[in-house]
Structures are given as structure tokens and as C-alpha cells.
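Be aware that the sequence shown starts at 1, since it is given in the UniProt record's numbering, and climbs by one per residue. Positions of the beta carbon are idealized from the N, C-alpha and C atoms, including for glycine. Being a predicted model, the structure only gives us computed values, none of them experimental.
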Amino acid sequence: MKVRHVDAHIPKSRANEEHRNNEQVDRAAKIEVSKIDLDWQHKGELFLARWAHDASGHQGRDATYKWARDRGVDLTMDSISQVIHDCETCAAIKQAKRVKPLWYGGQWSKYKYGEAWQIDYITLPKPAKASATCSQWWKPPRVAGDLPCAPCYCPEHHPGP
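Below, the structure is given as C-alpha cells:
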């Protein structure tokens, strides 16, 4: 491919096809350059807005705007809003605020008593001198019925022979 400069600044009456094509390409290049410039300007503002939002502690649009303005950074509310909308940290915070904790206001909010418990069973070694085993029982407050605890091989409950 051979590229050469064609003087496009000649009267249209003297312009040939090569001149017209060159002029058309020049116009297209100017349009593309201006689009790229606008895109970089927008990306730069989003970068600054993201930085201000992170540095201000994810406090929201108005707080981010004030934080940036106090430091001499001029941001638009639109760019700050876009950054907050895309912020994963803020999304996680909003999600956490929507979910009630399991214990809330002095009662279980999601589960009834006993539904959220997990019981692990393990085998304990039996001492050589123990003649029997016992199981201890535990009654938690506000729960109907007793719950078994681990077997006990203690000498107080099972004296040797």
C-alpha cells in the first residue's frame, strides 16, 4: 500500500478523484479524533469520580461531590451517580442493610428456636477403669424438651469397681 499526501486545498473545479477522496478521509479522521477525545475525557472523569468515591468512604453521591469539590476536583453528579451505580462495595452494603440479622430485637427473626442449630457427634474414648457411661442433658431457655450432650465418663458419675 502506498500512501502519499494530496493537497486537498485546491479549488473544487481543479480537484480530481484523488483530491476528493483525500478530503473525505480528512473529514472522517477529524470526526473520529473528536469522538476519541470525548471518550477519553469521559473515561477520565469516571476515573476521578471512582477515586473520589473510594477515597471519601463510599458515603454516597452528595458526600462524594463535596469531598471532591473540597479538594479542587470538579465532577458532575452524573459521573458520580454512574460510579456509585457500578460500585460493588456499595451494592454489598445495600444488600447487607436489607437482610435482618438472625437475632434481632430480642428474638430470632428468620428461624424458630432450634431450627438454626447444628449438632456434631464425636466418639470419645472410654477410660479403661470406667464401668459405665452416662449422658448429660441440657435444657436451653425457652426450648421445649431437653437436649443430649456428649456422653460422660467422669469418675463422679461412674466410680470405678
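In summary, Val83 is buried, with 16 or more beta-carbon neighbours lying within 10 Å of its beta-carbon over all protein chains present. Ile93 sits exposed, since fewer than 16 C-beta atoms from the chains shown fall within 10 Å of its C-beta. Contact between the region 47-57 and the region 67-84 is present: 3 or more CB-CB pairs across the two stretches fall below 8 Å. Excluding the 5 residues flanking it on each side, Gln95 has no same chain C-beta neighbour closer than 6 Å. Following the DSSP letters along the chain, one finds Arg61 inside the alpha helix (DSSP H) bounded by residues Arg61 to Asp70.
Membership of His85 in the alpha helix (DSSP H) is indicated by the continuous run Met77 to Asp86.
When DSSP states are grouped into helix, strand and coil, Val25 belongs to the helix group. Looking only at Leu75, Cys90 and Arg98, the smallest Cα-Cα distance to Lys43 is reached by Leu75. Less than 7 Å separates the beta-carbon of Ser56 from that of Trp67. For the 7 Å CB-CB criterion, Val73 and Leu46 do not form a contact. Judged by DSSP in its simplified three-state form, Asp74 adopts coil rather than helix or strand.
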